[in-house]
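**Student:** What follows is a structure written as structure tokens; I'll ask about it next.
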Amino acid sequence: MKDGLVQEKLTLQITGMTCSACAHRIEKSVEKMSGIDSIFVNLALEKAYIRLVPEEADVRQVLDRVHQLGFRAAVSEQNESGISSSSTVQLFRNRFLLSALFTLPLLWPMLHHFTWTSFLWVPEWLQIPWVQLLLAIPVQFIWGWPFLDGAYRSLKNGYANMDVLVTLGTLSAFGYSHYLVFHPPAGFHHGHSPLYFETSAMIISVIWLGKWMEAKARNHVRQSTEGWGGLLPSTVRRVREDCEELLEPHQIRKGEEVLIRSGEIVPVDGIVLEGSALIDESALTGESHSLEKQAGTKVSAGTRIIQGTLKVKVEQTGGQTLLGHIIRSFEETQSAKPAIQTKADKAAAWFVPIIIGLAAITFLYWFKLRTLGDAGIALKAAISVIISACPCAIGLATPLSVFIGSRRAAELGISFRSGKALEALSRTDTILFDKTGTVTMGVPMVTDISARALPTLEFLRLIASAEKECEHPIAGALVREAGRRGIVLTQAEYWTELPGYGVEAKLEGKFLLIGSKRLLLSRNVKGIQSGDADQWEAQGKTVLYVAVDGEWAGSSAITDSLRPGTTAAIRSLKKKGIQLSLITGDSYKAAAYTAKLCGFEHFQAGVLPNEKMEHVLQLQQQQRKIAMVGDGMNDAPAMAAAHIGISVRNATTAAKEAADVLLNREDSKALVDAFQISSMTVTNIRQNLGFAFVYNALLIPSAMLGHVEPWAAGSAMTLSSLTVVLNALRLKRILRRKLG
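Numbered according to our numbering, the sequence shown spans residues 14 to 753.
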């Protein structure tokens, strides 16, 4: 990233790419332009994701550069999926059917070449060379034109793509046959003509068949994974002075009130003011059970009211809602290249030149050594090598799997910030967990108050007023307890959060220090007593020590329930061989109690934010792959330092910014699901790449030895790409079966 410069994201829809070499060429060319920080071209989605500096980059010039390379580009809307549309499917189908119409008459005379079909009737006129030439011309130069044009543009810009291979193969067969028509060898007659027009025509027809089938499969991926567009209603019922008004969602503003009735979709994130209802949150979390919502609880856009009516105060709308964040995170996941694809792209960049070299060697081998001057047979072997090569599958292997894996994750309330994060999570061998708000629900409650020199209510009023601006869950517990007791809070003259320690504030002329015992001791607070605190900590409660003007003023105990499924999640992660550890700023006794309750074998207590980060760095020096799960500002440094930072629902802004993975569900099973999705997606990517490379490793040598006919090579090339697409679709079925 360019230091000090504000960057914008640009998404382009690109058509005309045929293989990973095309995508690689666009990346290399565009990233050299002024103002371009980074670019990733997703071949499967046919999109380019660009980070640019607006003051330095010109979008029009970027579009022109892509056009000069031989592709069509347009600025894409962020909510477009980008995979082959139905119009593309129809285009490829028509090209196949029309080319096949002219190719079948060329194949008909071949029936005489096989013993088991030699008895079938073949019209004499189909064996006339001039007839075959006339049939082959439209296939080669009309329906084969996209390959010729693509090859020309590719070579003009100094690189070779899949179009070059197809053009070399088909033009070689067509050109050699054309030469024989006008310069027939001795003994040449129409009944036994050594022509290869059917080879070039068959290759073009088979490739269009493959592209048609591949486009249908890729379109099926899009259709089977889209659906966010229907998660928001087209109209919203705004309430003002008991009057209802129907508006479009973008017209609703923060602070306004909306009414949502039974069966309707919640259009905003907000707080329930009136009413009660059962809410289905499966669209956001993947969980099928319904939740009861009533006054004071939060609701999220995209969820549906099963029964009841709610009046909701709007907190977030549009892209700022949880649903908007999930959609944005999904888009971002597609826009970053995983490390495994980077390696594959490096191999693909050399693929086409190597294949052309192997084809040349094959031709010379057959012409000089095997057939002793028979150019026809040597040419067929060389064409088979060219056509059998398939860099397309290499380019499709990663992005399709990442698309399906990240989409399923989003449906289950899990957001991966990038394809790199999706891949890296599977390699994690150590997970560090914060305690409050991470292992626990983060909605703690005050259980005990012990005030020394002040009345209990006055003591609570002071500390709650000092804490009310803080995002930490413990601060929220104090504020809620004050509200429950009807205490009116005042505004602090000054306050600051001390991550890992607590809060210091000035209120009504008094200087308050609220936090751990360690904080008070570091400030030389006098008269600290911990009799009640020891008992509270033994019960797993978090204890806040309070000092007023340098004197200990009392303590408060706060407890929090575990997140649903925490114990089961810890047990499941252990079975995967992952080392788990609880690392918290809480006291030793409270940490020990929670660790035992959850099943952690290792824990550390009284750890400050910088110490959490140092612990992460120490483990990384031991070559361990670390994931840090947290929710607060005090966790953010460790999350940023870890290989993978994971934030839980209701985390602070700092924690979310530091996170690579966001868990948008309340239950801890979301973390287990994230690991499974990552692992299965990476496995699927490796299978795809394995299919692509093994296919080429087996077929190309066979073609060089003359065991593969050109038309069969074209069919096998198509099958390779189709296998990758179908295997990616198989991932979708596996994820649904295993994760519900």
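Each residue gets a CB set at the ideal place from its N, CA and C atoms; glycine is no exception.
1. Please name the residue or residues paired with Ser428 in a DSSP beta bridge.
2. Kindly list the residues whose CB is nearer than 6 Å to the CB of Gln820, restricted to its own chain and excluding five residues on each side of it in sequence; keep chain order.
3. Could you tell me the boundaries of the beta strand (DSSP E) in which Arg64 lies?
4. What's the call for Glu517, buried or exposed, on a 16-neighbour Cβ count within 10 Å?
5. Go ahead and pull the three-state DSSP assignment for Ile541.
6. Contact defined as beta carbons within less than 8 Å: I believe Val279 pairs with Ile318. What is the distance between those atoms, to the nearest angstrom?
7. For Ala649, which residues from the same chain have a beta carbon less than 6 Å from its beta carbon, with the 5 sequence-adjacent residues on both sides left out?
8. I need the straight-line Cα distance from Tyr192 to Leu110, nearest angstrom please.
9. Are there 16 or more other CB atoms within 10 angstroms of the CB of Ser419, so buried, or fewer, so exposed?
10. What is the DSSP secondary structure of Phe446, counted as helix, strand or coil?
11. Mind reading off the beta-carbon distance from Glu767 to Met646? Whole number of angstroms is fine, and I expect it under 8 Å.
12. Should the region 475 to 484 be called in touch with the region 501 to 508, which here means at least 3 C-beta pairs below 8 Å?
13. Which class does Glu328 belong to by DSSP, given the choice of helix, strand or coil?
14. Once the 5 residues before and after Gln153 are set aside, which same chain residues still bring their CB inside 8 Å of it?
15. In angstroms with no decimal places, state the Cα-to-Cα distance between Ile500 and Arg474.
16. Extract the residue ranges of the beta strand (DSSP E) inside the region 672 to 740, only unbroken runs of 3 or more that lie entirely within it.
17. Distance, Cα to Cα, Leu8 vs Ala566?
18. Taking the alpha helix (DSSP H) that His80 belongs to, which residues open and close that run?
19. Please determine, among Ser33, Leu208 and Val398, the residue with the shortest C-alpha to C-alpha distance to Gln758.
20. Say whether chain D places a C-beta atom closer than 7 Å to the C-beta of Gly331.
21. Alpha carbon to alpha carbon, how far is Val365 from Ala655?
22. To the nearest angstrom, how far is it from the Cα of Lys625 to the Cα of Arg250?
23. Compute the Euclidean distance between the alpha carbons of Gln552 and Ala603, then round it to the nearest angstrom.
24. For Ile487, which of Glu277, Ser463 and Gly528 has the nearest alpha-carbon?
25. Does the distance from the CB of Ala149 to the CB of Phe210 come in under 7 Å?
26. Between which two residues does the alpha helix (DSSP H) harbouring Thr375 extend?
27. Cα separation between Gly315 and Pro577?
28. Classify Gly544: buried if its beta carbon has 16 or more other beta carbons within 10 angstroms, exposed otherwise.
29. From Ile390 to Phe376, what distance separates their C-alpha atoms?
30. Is the beta carbon of Val415 less than 7 Å from the beta carbon of Gly432?
31. Would you identify the three-state DSSP class for Arg250, choosing helix, strand or coil?
32. At the level of alpha carbons, what is the spacing between Asp809 and Thr555?
33. Taking C-alpha atoms, which residue in Thr411, Phe616, Gly496 and Arg383 lies nearest to Asp447?
34. Compare the Cα-Cα distances from Val325 to each of Ala683, Lys356 and Gly288 and report the closest residue.
35. Using three-state DSSP, classify His615 as helix, strand or coil.
36. Could you please give the first and the last residue of the uninterrupted beta strand (DSSP E) stretch that includes Gly567?
**Tutor:** According to the structure data:
1. Leu675
2. Since the first residue shown for the chain is 14 and the last is 753, residue 820 is missing from the structure and cannot be characterised.
3. Lys60 to Leu65
4. buried
5. coil
6. The beta carbons of Val279 and Ile318 sit about 7 Å from each other, so the pair counts as a contact at 8 Å.
7. Ala667, Ala668 and Ala671
8. 28 Å
9. By the neighbour-count criterion, in which a residue is buried when 16 or more other Cβ atoms sit within 10 angstroms of its Cβ, Ser419 is buried.
10. strand
11. Look at the range of the chain in this structure, 14 to 753, and you will see that residue 767 is not part of it.
12. The answer is yes - the region 501 to 508 touches the region 475 to 484, with three or more Cβ pairs under 8 Å.
13. strand
14. Thr183, Leu184, Phe187, Ser213, Ala214 and Ile217
15. 6 Å
16. 674 to 676
17. The displayed coordinates of the chain run from 14 to 753. Any statement about residue 8 would go beyond what the structure contains.
18. Note, His80: alpha helix (DSSP H), Val72 to Gln81.
19. There is no way to answer for residue 758, as the model of the chain reaches only from 14 to 753.
20. Chain labels in this structure do not include chain D; a single protein chain is all it has.
21. 39 Å
22. 47 Å
23. 7 Å
24. Of Glu277, Ser463 and Gly528, the residue nearest in Cα terms is Gly528.
25. It is a contact, given that the beta carbons lie within the stated cut-off.
26. Phe364 to Tyr378
27. 23 Å
28. exposed
29. 9 Å
30. Yes; because the gap between Cβ atoms is below 7 Å, this pair is in contact.
31. For Arg250, the secondary structure class from DSSP, reduced to helix, strand or coil, is strand.
32. Past the boundaries of the shown model lies residue 809; the chain is included only from 14 to 753, so the question cannot be answered.
33. Taking the Cα of Asp447 as reference, the smallest distance to any Cα among Thr411, Phe616, Gly496 and Arg383 is reached at Phe616.
34. Gly288
35. strand
36. Glu564 to Thr572
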